[in-house]
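Residue numbers (the numbering used here): 83 to 386.
Shown next as structure tokens:
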């Protein structure tokens, strides 16, 4: 079949059929254009490439059908941090290889083509402005940051990037999807501009940590964890099954009662952000991030 001569109505019927099949097979909207192209090639026994007319027609059909629903965030997620005792949200992008991190107080987001020559490896590498990844941070605030402040932000960015990129590549961890939702909600509730929900955010950090620990107990420890929110109990099971044991102070920073979801006075900003930090630290320990030696170490520069 020559797709160049397929009429509009015939093509629409074909696309409706393929899209329905992909939907029934569990493919989400952003995943369907790629799989529709693959399905077309397999069904009609033709080879396609990125410049093929059928590829353009399929992509155009999906653009018209679903519009913005096709858009998907390719980053690793978001984390919260305190700057001058105010909470901010920092985006963690997905990138590979060697790169140069800078703290440009203009807070500009650098274009992807921004490069710097590295004499050690004798080639240009991408430049990422970490301050440009912090939502709402202005030059007025950034200008007040000390070298120590910038160093702390850089270290936190590197820690979060390594942890979340390691988390991304784990495919089948039990409760992973549910845990990711809790992590997003912990940040969202903490940074709610109308009415910050510090108690609910801390509970989400607890739920995130609990699901991660239980997932490791199930998948690596081959045990069925108890129905409990007590992290110290789960920690004992991790230790008994030769899995990394978490320092108790981290778990104590996260542990809370269900009542925090309803009584706002039970949790303040510092306790909320501490629980969020600690939950990421727990994840990094379980993933063994701190023990990994990554050859793609970023080059760090402070731009004052």
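Glycine included, C-beta positions come from ideal geometry on N, C-alpha and C.
- In terms of CA proximity to residue 201, 181 leads the group 231, 181 and 325.
- DSSP, read as helix, strand or coil, puts residue 303 in coil.
- Per DSSP, the unbroken alpha helix (DSSP H) holding residue 221 starts and ends at 221-224.
- Rounded to whole angstroms, the Cβ separation of residue 174 and residue 158 is 4 Å, and the two are in contact under 8 Å.
- Cβ contact annotation for residue 358 (same chain, cutoff 6 Å, sequence separation greater than five): 162, 268 and 287, in chain order.
- Here residue 208 carries a strand assignment [DSSP, helix/strand/coil].
- For the pair residue 325 and residue 303, the CB atoms are nearer than the 7 Å cut-off.
- If you look at residue 172, you'll find it in the beta strand (DSSP E) that goes 168-174.
- 171 is the residue among 128, 160, 101 and 171 whose C-alpha sits nearest the C-alpha of residue 275.
- In chain order, 148, 151 and 152 place their CB closer than 7 Å to the CB of residue 111, counting only its own chain and leaving out the 5 sequence neighbours on each side.
- Judged by DSSP in its simplified three-state form, residue 137 adopts helix.
- Straight-line measurement puts the Cα of residue 137 at about 14 Å from the Cα of residue 125.
- By the neighbour-count criterion, in which a residue is buried when 16 or more other Cβ atoms sit within 10 angstroms of its Cβ, residue 135 is exposed.
- In this structure, the alpha-carbon of residue 347 lies about 23 Å from that of residue 291.
- In the three-state reduction of the DSSP assignment, residue 244 falls in the helix class.
- Looking at the backbone, the Cα of residue 168 and that of residue 273 are separated by about 10 Å.
- Across the structure, residue 94 and residue 217 are spaced so that their CA atoms are roughly 41 Å apart.
- With contacts defined as CB atoms closer than 7 Å, residue 355 and residue 236 fail to qualify as a contacting pair.
- Rounded to the nearest whole angstrom, the C-alpha separation of residue 186 and residue 226 is 12 Å.
- If the five residues before and after residue 191 are omitted, its C-beta is found closer than 8 Å to the C-beta atoms of 211, 214 and 215, all from its own chain and listed in chain order.
- Of the candidates 255, 166 and 330, 166 places its Cα closest to the Cα of residue 234.
- In this structure, DSSP gives residue 355 a helical state, which the three-state scheme calls helix.
- A straight line joining the alpha-carbon of residue 193 with that of residue 220 spans about 18 Å.
- Beta-bridge analysis with DSSP links residue 160 to 173.
- When secondary structure is reduced to three states using DSSP, residue 184 falls in the strand class.
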